[in-house]
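Worksheet: one structure, shown below.
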Amino acid sequence: MIIHNTTDEEVENIIDSMKSKPSSGEDDTPSKLIKHCKNELTSPLTILINKSLHEGTFPSSLKIAKVYPKYKSGQNTEAANYRPISLISCFSKILERVVLSRLTEHLQHYNLLTPRQHGFIKNRSTTTAVVQLIEGIIDKLEQGYLITSIMLDFSKAFACLNHKLIIEKLRTLGINGKEANWFTSYLSGRKQRVELRYTDSHTNLKVKSEALPMTRGVPQGSVLGPVLYILLANDFPQYLEEFCETVMFADDTALLVASKNTEELEINSYTAYNMAKQYCFQNDLVLNESKSYQLIYTTRQNEHQGLPELTTTNSNKYLGIILDNNLSWTPHVTQLCKKLNAGLYAMRRMKQISDKKTTLTAYFSLFETHLRYGLLVWGGTSTTNLQRVLIIQKRAIRIIKGLKPQETCREAFKEYNILTVTALYILEVILHAVKTGKARLGDQHTHNTRHRHDFTLDTHHLSIFEKKPSYQGAVLYNCLPENLKRLPEKNLKQGITNWLLDRTTYIQFRSFWTGKPNIEEGHIYSLHS
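Under the UniProt record's numbering, the final residue of the sequence shown carries the number 529; numbering is consecutive throughout.
In structure tokens, the structure reads:
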């Protein structure tokens, strides 16, 4: 890896991209001030950053973190009811952003990142992590395996990282010499102090503790900290690959163990879990067994009992999505409906004190954000569950429009450019299928046939296979009109969105699971209900 110099243009772009906040680190220089003075600061910052890169050192003045206690809830005299918030210098974040761009370029150029890690990596997210996990489970079930997932919980993973081990891992990734020295300097010699603010006789005052050294962990709130963690654990999937597959989002880790019989599943589960503990020991990580748990997925009745060290549950949350051992998504939909009803309450109150535009903003921020999260996986649930969500969504639209409970809201969906939950699912799974580059019929021959743009559909034996986002997306894409299939990929999202808005329909998904119907042929439910 070679960290090349930065330019005024790059530094200015980084400053422009920073959020304008009044909070600041130990130097009491908020990003709001830096953005206001960027014309005066850009050139000096460029010189100082290049000096840091050239010498392979991180400025000592930027290594002090300011920690303040943020009140959560309960008695304000109890220390446990406060969350420590660490603030570092905004100048440090600018320098880290420069280094991160070089580090990312190096990792991508040599394809060094495991495809099993989804945290803090471009084009990956919590959703891609859950999709990888769910599709892995369904694929194994289709192949006749018994499946168990073990969800690992690491205790304060970011705060306990061993600096020496991080540097060793960086060297294995080709980061040596001056570049390795820079990261060593970045991690070493760090300190933090606690700052308390209070009011006395109408005067705002503050008191600071003595600065104490930080010998472990990565700085909270830093740009490079999370990336250094995922690089430390980058070889974790390979370490366990003989016995299980791994899905990770930063330190949120799931092990997927598959075997043909219960005895072998128990052995492999035990081995995989103990190897995970061994990896943690070797890499100075702490595994919290009391918060780790196990789910068992099977199409058979003879389920094994799970590991005695872990709690075996029928459902539990992973990355904000409630997984259940039947992949019915009913527990998740039940929890989602509670959140959506809370959003309805907020929207009703908003409508009483503000205008329609503000209520519409509340819909997108307090309602649809919850609705869309993880829809790519849970949207394959039963028609009954989708209907539960759709009923609440229609109530939200009626609140915005000011309609009575029995009045139709079909035109209101179109008026506000809002897609039904089912239409949102159609959009997301189709875009997922296109993005993942599934094979098309036109790839198999050169004939200019009508269906050359269609995806090939995987043969399968289990109905649950049809709930895979990639399969469902391929089926629904094949049902699109030909004019939409011919659109360039960059225009496909808007094209499908407009097409769905024009119809304002609730698609009956069971008809699509056959892989045969055409959307235009009217497999729909009206929104009048």
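Yeah, the Cβ is synthetic: ideal placement off N, Cα and C, and Gly gets one too.
It should be emphasised that the depicted structure is a prediction, and the values quoted were computed from it without experimental measurement.
Looking only at I399, N76, V98 and I353, the smallest Cα-Cα distance to N13 is reached by V98.
DSSP, read as helix, strand or coil, puts T311 in strand. Under the three-state reduction of DSSP output, A157 falls in the coil class, being neither helix nor strand. Taking 8 Å as the cut-off, the Cβ atoms of L265 and G136 do not count as close. The alpha-carbon of P331 is positioned some 48 Å away from that of E179.
Excluding residues up to 5 positions away in sequence, R197 lie with their Cβ nearer than 7 Å to the Cβ of N204 in the same chain. Closest option to K338, judged by alpha-carbon separation, among R349, N326, L371 and D200: L371. Membership of R486 in any beta strand (DSSP E) is not indicated, and neither H nor E is assigned to it by DSSP. The DSSP-derived three-state label of E210 is coil.
In the DSSP assignment, the residues bridged to D252 are F249. In this structure, L386 keeps its C-beta atom at 8 Å or more from the C-beta atom of V429. Between T358 and A412, the alpha-carbon positions lie close to 16 Å from each other.
Leaving aside the five residues that flank Q117 on each side, the residues in its chain whose CB is nearer than 6 Å to its CB run, in chain order, I230 and M248. Within the same chain, and ignoring the five residues on either side of G25 in sequence, the residues whose Cβ sits closer than 6 Å to its Cβ are K66, L87, I88 and S89.
A contact between stretches requires three or more CB pairs, one per stretch, nearer than 8 Å, and the region 218–233 meets this requirement with the region 166–180. For M350, there is no enclosing beta strand (DSSP E); the residue is part of the alpha helix (DSSP H) that begins and ends at T330 to I353. Exposed is the label assigned to D355, since fewer than 16 other Cβ atoms lie within 10 Å of its Cβ. The DSSP-derived three-state label of N204 is strand.
Taking 8 Å as the cut-off, the beta carbon of I392 is found closer than this to the beta carbon of L344. Burial of P237 is indicated by the presence of at least 16 other C-beta atoms within 10 angstroms of its C-beta.
Straight-line measurement puts the Cα of Y416 at about 25 Å from the Cα of L487. A Cβ-Cβ contact shorter than 8 Å links F154 with D251.
Secondary structure in the region 117–169: the beta strand (DSSP E) runs of 3 residues or longer, each lying completely within the stretch, are 146–152 in chain order. For P84, the three-state secondary structure derived from DSSP is strand.
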